[in-house]
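Here is the structure we will look at.
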Amino acid sequence: MNLVQKVLAFASLGLALASCANNKYKPNETGYNRSRVLEKQSNSYVKIVAANDKLTIHDPQKSEDRTKEVIINENIPNKNLSKTEPATKNKSRIFLDEDIGYFSYHKYRRLQWYLDLAKISEPNSKERKRLSDIIVAVLDTGVAFENAQRNGKRYGLSHDLRKTKFVRGYDFINNDPYPNDDNQHGTFMTSVIAADGGIIGVAPGVKIMPVKVLGSNVIGTEEALISGIRYAVDHEANIINLSLNFPKDYEPNLLLRETINRGLSMGVVFVAAAGNDSGNYITYPANFPGIISVGATRLRKNNYNQDFKNVIAGGYSNFTNNLSILAPGGALDQDVNEDYHPDGILAMTLDFYNPNRFAYWFQSGTSPAAAIVSGCVARLLAAGSTPDIVYKDLISGSENYIDGIPFLNLAESLRNIKVRQALTNR
1 MNLVQKVLAF
11 ASLGLALASC
21 ANNKYKPNET
31 GYNRSRVLEK
41 QSNSYVKIVA
51 ANDKLTIHDP
61 QKSEDRTKEV
71 IINENIPNKN
81 LSKTEPATKN
91 KSRIFLDEDI
101 GYFSYHKYRR
111 LQWYLDLAKI
121 SEPNSKERKR
131 LSDIIVAVLD
141 TGVAFENAQR
151 NGKRYGLSHD
161 LRKTKFVRGY
171 DFINNDPYPN
181 DDNQHGTFMT
191 SVIAADGGII
201 GVAPGVKIMP
211 VKVLGSNVIG
221 TEEALISGIR
231 YAVDHEANII
241 NLSLNFPKDY
251 EPNLLLRETI
261 NRGLSMGVVF
271 VAAAGNDSGN
281 YITYPANFPG
291 IISVGATRLR
301 KNNYNQDFKN
311 VIAGGYSNFT
321 NNLSILAPGG
331 ALDQDVNEDY
341 HPDGILAMTL
351 DFYNPNRFAY
361 WFQSGTSPAA
371 AIVSGCVARL
381 LAAGSTPDIV
391 YKDLISGSEN
401 YIDGIPFLNL
411 AESLRNIKVR
421 QALTNR
């Protein structure tokens, strides 16, 4: 069966959509145009591109240095770019600090405000041991999971993932068994889930299956996503994290729907980002029945205190009453908690255009919100929940609802599981 390839992209704030320059899209073609909007064209392909803007640098050693800005990636040579189209700059992430390889353990835990708001504590040794039985497949741009030379390029293992156990994944962009990250996004999401270094992930100790379905140019296809899901399901992933989305007017392919349903029937838990269009809809694949769809929140700007009730929906997040759950997504344009850093989600990932160099970055969006929820699902499964009731367990701990949508509270969810187990064992 021939698939009409439809393009998807990761769901982190700062992305923009662009239409095809021509009626046909070539798989090796990249085009960037900030001013364009998505145009769905019959029998054509759709491209997704990164937005052009500034990147703000925050120096942790100089708390007063909070306004310094630098243009990155300006006039990047790219033989695939049209002469009439500008090279991309990037706004979707904010730099914190370069990784020089010897940061103290959990040095930046104090900047992970979102863990406190969602009542996510570090798992103890018993929890970590149980987490080692859980596999989270990260379908994304790949992961910095190895130190290796591949096709003339040097890839590195992220220092915050050195303690993470990886199970064999696959690269469905380059069709090889080496799903290395050549963007940033996949490593960032993996760190949010499993990091154990300068920051602490939601579920350190969990196994990670890296599955590359998005390329360095922020482009992926429906066919790659289907193949990636099949691979993860067939190789016994317990959770599939989908911090990516199709355009609003995407019409689901029957084969993709069937592939997801097969995974659900086999007990795989799917967690997906709702998208960052500020729309009253949920993008696919998060909109498929049975998938835990995740919207994002940010800190309330007035009267802030370290309490989960002081969150509101992120203005960028898609939001409807059909959302499964809300989780911290942050906002890079504010510092409500006055820690002299943007209120983003913090993680280590690779440097731009250098997959062997790493740094700590802030990011916002429904992508990291979904990764946080995937980590929480792993914690719940490790605590004794099962795929058929894990969503109920996930929302059972919610003590705060935003327009009727439950906000994540892991501590209460874990407590409820313990209470149920105690009653069952009487």
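First residue of the sequence shown? That's 1 in the working numbering, and the numbers climb one at a time after it. Ideal Cβ positions, reconstructed from N, Cα and C, are used throughout, including at glycine. Please read these numbers as outputs of a predicted model, since none were measured by experiment.
Nonlocal neighbours in the same chain, by C-beta distance under 8 Å from residue i, ignoring five residues either side
{"i": "Asp388", "result": "Gly267"}
{"i": "Leu381", "result": "Ile134, Asn238, Ile239, Val269, Pro387, Val390"}
{"i": "Val167", "result": "Ile135, Lys207, Ile208, Met209, His235"}
Residue nearest to residue i in terms of C-alpha spacing, selected from the options
{"i": "Asn287", "options": "Glu338, Gly315, Leu256, Arg298", "result": "Leu256"}
{"i": "Ser227", "options": "Ile240, Val213, Ala237, Val218", "result": "Val213"}
{"i": "Gly397", "options": "Asp160, His106, Ala118", "result": "Ala118"}
{"i": "Leu326", "options": "Ile402, Asp182, Pro204, Ala237", "result": "Ile402"}
{"i": "Ser324", "options": "Gln421, Ala370, Gln363", "result": "Ala370"}
{"i": "Asn409", "options": "Lys107, Leu115, Tyr105", "result": "Leu115"}
{"i": "Ile134", "options": "Ala383, Ser121, Gly169, Gly215", "result": "Ala383"}
{"i": "Ser413", "options": "Asn425, Arg426, Ser125, Ser385", "result": "Ser385"}
{"i": "Tyr203", "options": "Arg426, Val373, Ile292, Pro406", "result": "A quick correction: the sequence has Ala, not Tyr, at residue 203. Of the listed residues, the one whose Cα sits closest to Ala203 is Val373."}
{"i": "Gln421", "options": "Asp393, Asn400, Ile208, Lys301", "result": "Asp393"}
{"i": "Ala296", "options": "Pro289, Gly290, Tyr316", "result": "Tyr316"}
{"i": "Gly404", "options": "Asn322, Gln363, Glu127, Asn241", "result": "Asn322"}
{"i": "Lys163", "options": "Gln149, Ala148, Arg128, Gly152", "result": "Arg128"}
Where residue i sits in the DSSP three-state scheme
{"i": "Ser398", "result": "coil"}
{"i": "Pro123", "result": "coil"}
{"i": "Lys24", "result": "For Lys24, the pLDDT reaches just 22, beneath the cut-off of 50, and the residue's location in the model is therefore unreliable, although a value from the coordinates is still provided. Coil at Lys24, not helix or strand."}
{"i": "Glu412", "result": "helix"}
{"i": "Arg168", "result": "coil"}
{"i": "Met266", "result": "coil"}
{"i": "Leu225", "result": "helix"}
{"i": "Phe145", "result": "strand"}
{"i": "Asn321", "result": "coil"}
{"i": "Asn241", "result": "strand"}
{"i": "Arg162", "result": "coil"}
{"i": "Gln363", "result": "strand"}
Same chain, Cβ closer than 7 Å to residue i, neighbours up to 5 away in sequence not counted
{"i": "Gly201", "result": "Ser191, Val192, Ile193, Ala194, Ala195, Gly375"}
{"i": "Asp351", "result": "Arg357, Phe358, Ala359"}
{"i": "Val233", "result": "Arg262, Gly263, Met266, Val268"}
{"i": "Thr320", "result": "Asn280, Tyr281, Ile282"}
{"i": "Tyr231", "result": "Tyr170, Val211"}
{"i": "Tyr108", "result": "Gly198, Ile199, Leu346, Tyr360"}
Environment of residue i [buried if 16+ CB atoms lie within 10 Å]
{"i": "Gly344", "result": "buried"}
{"i": "Leu423", "result": "exposed"}
{"i": "Asp182", "result": "buried"}
{"i": "Asp160", "result": "buried"}
{"i": "Gly186", "result": "buried"}
{"i": "Asn436", "result": "With the chain represented from 1 up to 426, any question about residue 436 goes unanswered, as that position is not in the structure."}
{"i": "Asp339", "result": "exposed"}
{"i": "Asn180", "result": "buried"}
{"i": "Ala313", "result": "buried"}
{"i": "Tyr353", "result": "exposed"}
{"i": "Cys20", "result": "Its pLDDT being 22, under 50, Cys20 is placed unreliably in this model, and the value from its coordinates should be taken loosely. When all chains shown are included, Cys20 counts as buried."}
{"i": "Ser364", "result": "buried"}
C-beta neighbour in chain C for residue i, strict 8 Å
{"i": "Asp351", "result": "No chain C appears in this structure, which consists of one protein chain only."}
Other residues of its chain near residue i: CB distance less than 6 Å, five sequence neighbours each side excluded
{"i": "Ala148", "result": "Tyr155"}
(message) Using 8 Å as the cut-off, can you tell me whether the segment 215-235 makes contact with the segment 187-206, which would need three or more C-beta pairs spanning the two stretches below that distance?
(response) Between the segment 215-235 and the segment 187-206 there are fewer than three C-beta pairs closer than 8 Å, too few to call the two in contact.
(request) Check whether the segment 127-147 touches the segment 331-346, counting contact only when three or more Cβ pairs, one atom from each stretch, lie closer than 8 Å. (result) Contact fails: fewer than three Cβ-Cβ distances are below 8 Å.
(message) I want to know whether the segment 239-252 touches the segment 274-288 - three or more CB-CB distances under 8 Å.
(response) Here the segment 239-252 lies against the segment 274-288, with 3 or more beta-carbon pairs under 8 Å apart.
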